[in-house]
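In the numbering used here, the protein residues as written are 683 to 884.
Glycine included, every Cβ here is placed at the ideal spot set by N, Cα and C.
What you are looking at is a predicted structure, and each value in this text was computed from that prediction instead of being measured.
Heads up: the structure comes next, in structure tokens.
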DNA sequence: CTACCGATATTCT
DNA sequence: GAATATCGGTAGA
């Protein structure tokens, strides 16, 4: 391969997303090999944060590819994406899971009591193990001096699976844009919108 | 392993 | 007020 990574990330998000699998993400003294990702296709995608247009939270998605989009979820968790596609398309890839390949002692120290395979098993666990917070929103992932860096794999990974996205309901639900490789760190599939409706108020 | 449930920011209705 | 790209604790099979 040897493509310019910036050029690779500028491609269509359903093609870019599986190519992040096997990539190395480094932050806070810990490096993770990505094992599970999800594609979100900007303003045309009902499951995307950008579907309703630009907001203070989503502005980074509308910028150039190769930056980190970090957002606060459910009032307590950080989740991170890699912004993809041409400048202005608001596409991004959510990093859902990974396996720690370097800095394991530090990761364990940061997550006391957590089993190794659970350290980055889920998008919010991944950011916590790496120490990623909203301060890193907008970081250039391809800058060697950045506190949060992404290194794309030399070759496209093999054995990639695809399935429906997690937690996405409505029109965007059936789109098979969750990609993963066989690894213990991949979170088990959960159907979208399992939320139990609260008992009807009397 | 499955199932429930609380915490609670951002955004939309 | 309600929904959401979630997790961790607890309970039970």
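Range of the contiguous beta strand (DSSP E) that encloses residue i
| i | result |
| --- | --- |
| residue 790 | Unbroken run through residue 790 is the alpha helix (DSSP H), 786 to 792; no beta strand (DSSP E). |
| residue 830 | 830 to 833 |
| residue 698 | Premise fails: residue 698 lies in the alpha helix (DSSP H), 695 to 701, not in any beta strand (DSSP E). |
| residue 842 | 842 to 845 |
| residue 771 | It is not in any beta strand (DSSP E) - residue 771 carries neither H nor E in the DSSP assignment. |
DSSP bridge partner residues for residue i (one or two, in chain order)
| i | result |
| --- | --- |
| residue 859 | Answer is none; residue 859 lacks a bridge partner. |
| residue 779 | 718 and 803 |
| residue 731 | Answer is none; residue 731 lacks a bridge partner. |
| residue 752 | 762 |
| residue 740 | Partner(s): none; residue 740 has no beta bridge. |
| residue 712 | 709 |
Environment of residue i [buried if 16+ CB atoms lie within 10 Å]
| i | result |
| --- | --- |
| residue 651 | What the structure shows of the chain is the stretch from 683 to 884, and residue 651 is not part of that stretch, so it cannot be assessed. |
| residue 821 | buried |
| residue 689 | exposed |
| residue 732 | buried |
| residue 723 | buried |
Limits of the alpha helix (DSSP H) - the one that residue i falls within
| i | result |
| --- | --- |
| residue 807 | 805 to 812 |
| residue 690 | 687 to 691 |
Presumed contact (8 Å Cβ cut-off) between residue i and residue j, rounded CB distance
| i | j | result |
| --- | --- | --- |
| residue 783 | residue 702 | Not confirmed; about 15 Å, so no contact. |
| residue 765 | residue 745 | 6 Å |
Cβ contact check for the stretch 763 to 778 and the stretch 713 to 729: 3 or more pairs under 8 Å:
yes
Any 3 or more C-beta pairs closer than 8 Å across the stretch 703 to 710 and the stretch 828 to 844
yes
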